[in-house]
Amino acid sequence: MTQGKTGTELAEPPKKPVTVSINGNAYRADEGECLLTVAERVKIPIPHFCFEQSLEPYGACRLCMVGVVHHGKTVMETACTLRAKEGLTILTDTPDIVKYRTILFELYLAEAPKSAVVKEMAARYGVTKTRFLRRVDTGDPLGGACVLCGLCVRVCNEIMGAGAINFINRGPYTVVNTPFTEPSRDCFGCGACAAICPTHAVRIEDRDGVRILHSWSETKVPLSQCVSCGKYFAPAALEKSVLSRIEPPLRDDLAGLCPACRAKKLAKKEILAATGGDPGDA
Ligand code: SF4
Ligand code: FES
């Protein structure tokens with residue numbers, strides 16, 4: 057017989073507390089914790105585009121650069137890839153960092169000239185103009201608002217497992233889109249790309265029972281309709297994929313219901329059971 061693991065064996069090892077210094081002040085952190093997360097927690101603003109808790113940091117946008125002080129020297133590193141350790145000392149606003157960040161914001165203003173998010177963020181750091189050539193708008197499906205951070209590509213690939221979009225073209229013509237800019241057959245229509253996009257560049261619309269992914273070559277994904285209230289509530293392909301992985305399977309009388317009707321039905325069943333009624337009547 058296989059012995060099950062005890063609760064103690066399953067518990068995560070306790071995190072070791074360490075002290076890090078940010079701009080001359082000491083803060084507690086867990087050893088190995090992402091420095092950008094620590095800074096956010098203690099309300100020290102560090103601008104960033106390509107960091108998201110649910111994905112491994114990969115240091116693409118370079119905006120979160122900070123100075124790490126070591127033996128009297130300051131070296132620039134990205135805060136999202138830095139890990140907390142005892143005595144780690146960082147500075148977020150040295151003249152070098154400010155200069156570097158200014159140039160990056162100018163580049164992003166040129167890269168995504170239509171993005172209100174980029175403009176607002178850059179202005180917060182005193183950057184309102186760019187000396188760089190603006191991206192030429194050649195029917196960009198992301199409306200001149202994409203900073204090429206890659207989060208949409210990564211969430212589609214690494215979390216949803218769909219791999220429906222990727223970077224296409226090269227150099228100044230690089231954009232995110234579906235292969236050959238054709239409607240995708242791999243897209244579930246989950247909308248994770250739109251939810252994760254830091255500049256709100258991804259355009260999605262639900263219309264007449266169909267989710268239209270305007271930014272992804274007008275990919276169209278049918279939506280499931282609730283058998284009780286008639287509302288469209290989830291992309292059918294996504295619903296099918298999720299239901300096929302639920303163990304034990306969702307009961308037949310609940311499958312096909314939207315979350316609101318499902319919750320109502322379950323609540324009714326509980327009330328009937330508690331009041332001596334027949335839960336089968338729910
Ligand atoms: S569409 Fe949004 S998430 Fe995707 S690369 Fe562009 S800015 Fe990043
Ligand atoms: S958030 Fe750190 S490099 Fe993008």
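Take any residue in the sequence shown, note its place counting from 1, add 56, and you have its number in my numbering.
Where a beta carbon is used, it is the ideal one built from N, C-alpha and C, also for glycine.
Assigned exposure category for residue i - 16 Cβ within 10 Å defines buried
i	result
ARG307	exposed
GLY286	exposed
ALA135	buried
ALA201	buried
GLY332	exposed
PHE236	exposed
ASN225	exposed
THR255	buried
ILE221	buried
PRO197	buried
VAL183	buried
ALA95	buried
GLN59	Any reading at GLN59 must be qualified, since the residue scores a pLDDT of 43, below 50, and its modelled position is unreliable; the value itself is stated next. Burial call: exposed.
SER171	buried
MET57	For MET57, the predicted model reports a pLDDT of 37, less than 50, meaning its position is unreliable; a value from the coordinates is still stated below. Exposed: under 16 other Cβ atoms inside 10 Å.
LEU138	buried
Distance, residue j Cα to residue i Cα
i	j	result
ALA82	TYR156	25 Å
THR62	GLU68	The pLDDT assigned to THR62 is 49, lower than 50, so where the model puts this residue is not dependable, and the model offers no usable value.
ALA293	PHE244	6 Å
VAL277	GLU261	11 Å
GLY195	VAL231	11 Å
LYS175	ARG84	33 Å
LEU313	VAL125	57 Å
GLU303	ARG210	27 Å
ALA251	VAL258	9 Å
ILE100	THR93	10 Å
ASP86	LEU328	48 Å
LYS129	GLY80	15 Å
ALA316	GLU326	16 Å
ILE339	TYR181	Any question about residue 339 goes unanswered here, given that the chain covers just 57 to 338.
PRO70	SER284	47 Å
PRO305	CYS282	18 Å
Beta-carbon proximity list for residue i, same chain, < 7 Å, skipping 5 on both sides
i	result
MET177	PRO103
ARG190	ALA166, PRO169
PRO291	PHE244, GLY245, CYS246, ARG267, VAL277, LEU279
GLY206	CYS106, ALA116
CYS253	LEU207, CYS208
PHE188	GLU162, LEU163, ALA166
THR234	ALA220, ILE221, SER240, TRP272, SER273, THR275
Range covered by the beta strand (DSSP E) that runs through residue i
i	result
VAL98	First-last for VAL98: undefined, no H or E at that position.
ALA82	81 to 86
ARG241	It is not in any beta strand (DSSP E) - ARG241 carries neither H nor E in the DSSP assignment.
PRO73	73 to 78
HIS126	121 to 126
PHE2	Beyond the ends of the chain as shown, which are 57 and 338, falls residue 2; an answer cannot be given.
MET132	129 to 134
ASN233	231 to 233
ILE260	260 to 263
VAL277	275 to 281
VAL266	266 to 269
THR145	145 to 147
Limits of the unbroken alpha helix (DSSP H) element including residue i
i	result
LEU294	292 to 301
ILE252	248 to 252
LEU24	No information on residue 24 is available, as it lies outside the stretch 57 to 338 that the chain covers here.
ILE327	315 to 330
LYS175	172 to 180
VAL209	207 to 210
Other residues of its chain near residue i: CB distance less than 6 Å, five sequence neighbours each side excluded
i	result
GLU89	ALA140
VAL131	VAL124
GLY265	LEU279, TYR288
ILE146	ILE78, VAL122, VAL124
GLU142	VAL74
ALA248	VAL211, MET216
GLU295	SER280
LEU144	VAL76
Cutoff 8 Å; reference residue i; Cβ partners in own chain excluding five residues on either side
i	result
ARG318	LEU310
SER297	PHE244
Worksheet entry | Inter-stretch contact (C-beta, 8 Å, three-pair minimum) for the stretch 206 to 218 and the stretch 108 to 122 | yes
Discussion item. Between the stretch 240 to 249 and the stretch 267 to 279, can you find at least three pairs of beta-carbon atoms closer than 8 Å?
Written reply: yes
Discussion item. Taking 8 Å as the cut-off, does the stretch 115 to 126 touch the stretch 151 to 170 (at least 3 CB pairs, one atom from each stretch)?
Written reply: yes
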